[in-house]
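Numbering (the working numbering), first residue to last: 719 to 873.
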């Protein structure tokens, strides 16, 4: 399903920053391509959005603010920064965000053909609706209720 058309874009979400960062780390390792050469691995253009202080160091290299800073440098105007953010998001094949982060203003006006929500059974229903506002043709919910065991107990 991935990359059948050259402009297919994915929004990949999960309820927590930890889960989103884990997904982004795995995507950075590459994705097997089944339509090309056998064993071919493609590394898609990925953008991770969200609070930079909560993003794992291994995925800081694809965080939106890091990419913007690399593109415009220090001392850029607010207009240049806003334009760079829009351009980077528009060119990304995959955008990774938490469910609540999928409602970020920087994604306004974007269209994602497919939305993938990991750990969907652990998310509350209203937060799962946030990433669906981007006119997706397909929504894939991943993760059953028995995927992770509870880490806390009630007395």
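Note that CB positions come from ideal geometry on N, CA and C, so glycine has one too.
Name the one or two DSSP bridge partners that residue i has.
i: residue 732; result: 816
i: residue 833; result: 729, 857
i: residue 765; result: 813
i: residue 750; result: 759
Between the C-alpha atoms of residue i and residue j, what's the straight-line distance to the nearest angstrom?
i: residue 799; j: residue 837; result: 33 Å
i: residue 766; j: residue 817; result: 12 Å
i: residue 828; j: residue 852; result: 6 Å
i: residue 820; j: residue 807; result: 12 Å
i: residue 777; j: residue 740; result: 9 Å
i: residue 750; j: residue 805; result: 27 Å
i: residue 782; j: residue 747; result: 19 Å
i: residue 846; j: residue 784; result: 27 Å
i: residue 843; j: residue 793; result: 42 Å
i: residue 772; j: residue 859; result: 24 Å
i: residue 730; j: residue 795; result: 30 Å
i: residue 797; j: residue 823; result: 15 Å
i: residue 737; j: residue 753; result: 28 Å
Grab me the residues of residue i's own chain with a C-beta within less than 7 Å of its C-beta, minus the 5 sequence neighbours each way, in chain order.
i: residue 802; result: 786, 789, 790
i: residue 742; result: 764, 766, 777, 780, 814
Indicate the three-state DSSP secondary structure (helix, strand or coil) for residue i in the structure shown.
i: residue 792; result: coil
i: residue 824; result: helix
i: residue 770; result: helix
i: residue 849; result: helix
i: residue 775; result: helix
i: residue 756; result: coil
i: residue 738; result: helix
I'd like the list of long-range same chain contacts for residue i, defined as Cβ closer than 6 Å, with 5 residues on each side in sequence excluded.
i: residue 733; result: 817, 837, 840, 841
i: residue 726; result: 831
i: residue 848; result: 817, 820, 821
i: residue 774; result: 739
Flag residue i as yes when its Cβ comes closer than 7 Å to any non-hydrogen atom of the ligand PLP, and as no otherwise.
i: residue 772; result: Among the ligands in the structure shown, none appear at all, so the ligand PLP cannot be discussed.
Within 10 angstroms of the Cβ of residue i, are there 16 or more other Cβ atoms? Answer buried if so, exposed if not.
i: residue 814; result: buried
i: residue 757; result: exposed
i: residue 759; result: exposed
Kindly indicate if chain C contains any beta-carbon less than 8 Å away from that of residue i.
i: residue 736; result: Within the model displayed, chain C is absent; a lone protein chain is all it includes.
Ordered along the chain, which non-local residues of its own chain (more than five positions away) have a Cβ less than 8 Å from that of residue i?
i: residue 763; result: 809, 810, 811, 812
i: residue 855; result: 831, 832
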